[in-house]
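A short write-up of the structure that comes next.
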Amino acid sequence: WLMPSCSAILVWVKPVHCLQACFTENLITGRKLIYVNCRYLPRLGMTDFQHMKAISAHVRELLGVSEPLWSRSIADPPRDNMGMFLEIKSRTGNRADSLTYKQFLNDQKA
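Numbering (our numbering), first residue to last: 78 to 187.
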């Protein structure tokens, strides 16, 4: 899901018509799916909270990312390992393109 284009993502959101326009206007690609959550959806024009919760849950399931705990300590990482890895991969550049999940986990341990 890191590389699909905006048009490939539109196939995934086809059943929800309001998302098609939202994703097209904001150029949401596979790299940017990690940011499709209740925090960022209002910035993309989504206002119905029930839809936002459902979309966020579906994106988390699709990407294999767990829901952040509301009771998380600020000393803990902001996301699970997969979520933090996908945030790095959402960026462009040589480091992000060449980083593997195994390398990321090794860097986290160090």
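The C-beta atom is built at its ideal place from N, Cα and C for all residues, glycine as well.
> Shortest alpha-carbon distance to threonine 177 belongs to which of Ser150, Lys186, Arg168 and Phe162?
Replying inline: For the purposes of this step, residue 177 is taken as residue 100 along the sequence shown, with counting starting at 1. The residue with the shortest Cα to Cα distance from threonine 177 is Phe162.
> Would isoleucine 111 be called buried (16 or more neighbouring beta carbons within 10 Å of its own) or exposed?
Replying inline: Position 34 of the sequence shown, counted from the start, is the residue given in the question as residue 111. When all chains shown are included, isoleucine 111 counts as buried.
>> List, from N- to C-terminal side, the alpha helix (DSSP H) runs of 4 residues or more that fit wholly inside the region 130–172.
In response: 158–166
> Going by alpha carbons, who is nearest to serine 167 out of Asp125, Leu182 and Gly107?
Replying inline: On the sequence shown, residue 167 is found 90 positions in, with the first residue counted as 1. For serine 167, the nearest C-alpha among the options comes from Gly107.
> How long is the line joining the alpha carbons of serine 148 and leucine 121, rounded to whole angstroms?
Replying inline: Translated into positions along the sequence shown, residue 148 becomes position 71. Translated into positions along the sequence shown, residue 121 becomes position 44. Roughly 27 Å between the two C-alpha positions.
>> According to DSSP, is tryptophan 78 part of a helix, a strand, or is it coil?
In response: Here residue 78 corresponds to residue number 1 of the sequence shown, with the count starting at 1. Reliability fails at tryptophan 78, whose pLDDT of 47 lies under 50, so the model's placement of it is uncertain and no value is given.
>> Is arginine 168 a contact residue of the ligand HEM, with contact defined as CB to any heavy atom under 6 Å?
In response: In the structure shown, the ligand HEM is absent, as is every other ligand, since no ligand is present at all.
>> Quick test of your reading: valine 136 and glycine 160, contact by CB under 8 Å. State the CB separation rounded to the nearest angstrom.
In response: As a position in the sequence shown, residue 136 is number 59, starting the count at 1. As a position in the sequence shown, residue 160 is number 83, starting the count at 1. Actually they are not in contact, since the Cβ atoms of valine 136 and glycine 160 sit about 11 Å apart, beyond 8 Å.
> Between alanine 152 and chain C, is there a C-beta pair that is closer than 7 Å?
Replying inline: This model lacks chain C altogether, as it is built from one protein chain only.
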